[in-house]
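K.L.:
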Amino acid sequence: MTRQEATAFVEKAFETLQARGWLAEGLKPALAMEEEIDAFEKKRGVRLSPLYRALLLSHPIGQLMTIMYHLERVSPLWMELDGAVSMEALEEQIEILQEMQDYCELPDGCFQNLIPIGDFGAGWGPMCLDLSRPEESADPDSEETWAVVWFDHEEFDWDRRYLGEDGLLHGRPAAPDLKTLLEWCLCGSLETEFEEKYGIRPTYEWYQNGAEY
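Using the working numbering, you'd call the opening residue of the sequence shown number 44 and step up by one each time.
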């Protein structure tokens, strides 16, 4: 995906999110600039995808309900999804994530592949991009290839549960790639399938009333 394609995709996704009623206060401006993202990449020794860059340069999101695949079924799930965040805020999130290094006696550099992008289940644990898993190689039917992962905040043995033979941390599968996650969360791409399965139309009012099904 080129930068132009990524920008167009993200803009369309936010238009859809707003039409679904999740942005009552409208679209807020981005908090980062291209040169700040470039500096972040150089400092961290990473390369961010065009789609994630476009998300950083888009609009803040916050908490929302989405219909997504979880535990092999289509179901509603609250999410804390970061859209446009300042690079200072992103650095702080990375530092918070890395506090597990000393606690679990994890090796240096094991967080190098992880970029925090929100909170899975709005409280279950941090959700990250796993940069060691190329998004273009993600297979929806093979969760070990998924590039969006999460770490359960109630698990404290990360060395045993999440540390791979490559010396990097790999979390639980959350979504095949960032594009799919945004389609689920912003565009509501699974809502038709959910309605067909459960006979419930997942409107904004239904979300606000507890999303029972």
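No residue lacks a Cβ here, since even glycine has one placed at the ideal position from N, Cα and C.
Taking the straight line between their C-alpha atoms, what separation do you get for T59 and G231?
P.N.:
Here residue 59 is taken as the residue at index 16 of the sequence shown, counted from 1. Here residue 231 is taken as the residue at index 188 of the sequence shown, counted from 1. Cα to Cα, the separation comes out at about 8 Å.
K.L.:
Output yes or no for whether 8 Å exceeds the beta carbon distance between A49 and A97.
P.N.:
In the sequence shown, counting from the first residue as 1, residue 49 sits at position 6. In the sequence shown, counting from the first residue as 1, residue 97 sits at position 54. Yes.
K.L.:
On the premise that L94 lies in contact with F154, defined as a C-beta separation below 8 Å, what is that separation, rounded to the nearest angstrom?
P.N.:
Mapped onto the sequence shown, residue 154 falls at position 111. Mapped onto the sequence shown, residue 94 falls at position 51. F154 to L94, Cβ: 21 Å. No contact.
K.L.:
Can you tell me which of E142, S118, E179 and W193 puts its alpha carbon nearest to the alpha carbon of G168?
P.N.:
Here residue 168 refers to the residue found at position 125 of the sequence shown. Checked all of E142, S118, E179 and W193; the closest Cα to G168 is W193.
K.L.:
Applying the 10 Å Cβ sphere with the 16-neighbour rule, what's the burial state of Q47?
P.N.:
In the sequence shown, the residue the question calls residue 47 occupies position 4. The residue is exposed, with fewer than 16 neighbouring Cβ atoms inside 10 Å.
K.L.:
Assuming R215 is part of the beta strand (DSSP E), what are its boundary residues?
P.N.:
The count along the sequence shown starts at 1 and reaches residue 215 at position 172. Where R215 is concerned, the enclosing beta strand (DSSP E) stretches over R215 to A218.
K.L.:
Measure the alpha-carbon distance for Y112 versus A190 and round it to whole angstroms.
P.N.:
Translated into the one-based positions of the sequence shown, residue 112 becomes position 69. Translated into the one-based positions of the sequence shown, residue 190 becomes position 147. Roughly 15 Å between the two C-alpha positions.
K.L.:
What are the complete beta strand (DSSP E) segments, minimum 3 residues, inside the region 167-196?
P.N.:
The qualifying runs are 168-173 and 191-193.
K.L.:
Just checking, does the region 212-222 make contact with the region 157-173 on the three C-beta pairs under 8 Å criterion?
P.N.:
Verdict: yes, contact present.
K.L.:
Grouping DSSP H, G and I as helix and E and B as strand, with all else coil, what is R87?
P.N.:
Numbered from 1 along the sequence shown, position 44 holds the residue referred to as residue 87. It is helical.
K.L.:
Check whether the Cβ atoms of Q136 and P159 sit closer than 8 Å, and answer yes or no.
P.N.:
Residue numbering aside, residue 136 sits at position 93 when the sequence shown is read from its first letter. Residue numbering aside, residue 159 sits at position 116 when the sequence shown is read from its first letter. Taking 8 Å as the Cβ cut-off, Q136 and P159 qualify as a contacting pair.
K.L.:
Quick check on the burial criterion: 16 or more other C-beta atoms within 10 angstroms. Buried or exposed for S101?
P.N.:
On the sequence shown, residue 101 is found 58 positions in, with the first residue counted as 1. S101 is buried by the Cβ-count criterion.
K.L.:
Inspect the beta-carbon positions of E84 and L74 and report whether they are closer than 8 Å.
P.N.:
For the purposes of this step, residue 84 is taken as residue 41 along the sequence shown, with counting starting at 1. For the purposes of this step, residue 74 is taken as residue 31 along the sequence shown, with counting starting at 1. No. Outside cutoff.
K.L.:
Using the rule of at least 16 other Cβ atoms within 10 Å of the residue's Cβ for burial, across every protein chain shown, is A82 buried or exposed?
P.N.:
Within the sequence shown, residue 82 is the residue found at index 39, counting from 1. Exposed, by the Cβ-count rule.
K.L.:
Between the alpha carbons of G152 and A181, how many angstroms are there, rounded?
P.N.:
Within the sequence shown, numbered from 1, the residue matching residue 152 stands at position 109. Within the sequence shown, numbered from 1, the residue matching residue 181 stands at position 138. Rounded to whole angstroms, G152 to A181 spans 23 Å at the Cα level.
K.L.:
Let me check one thing: in DSSP terms, what residues is P159 bridge-paired to?
P.N.:
Indexing the sequence shown from 1 puts residue 159 at position 116. Its beta-bridge partners are C171.
K.L.:
Could you check where the alpha helix (DSSP H) with Y250 kicks off and where it finishes?
P.N.:
Numbered from 1 along the sequence shown, position 207 holds the residue referred to as residue 250. Y250 -> alpha helix (DSSP H) spans Y247 to Q251.
K.L.:
What does the alpha-carbon distance come out to for the pair L66 and W227?
P.N.:
Taking the sequence shown and counting its residues from 1, the one referred to as residue 66 is at position 23. Taking the sequence shown and counting its residues from 1, the one referred to as residue 227 is at position 184. Going by the C-alpha atoms only, they are around 16 Å apart.
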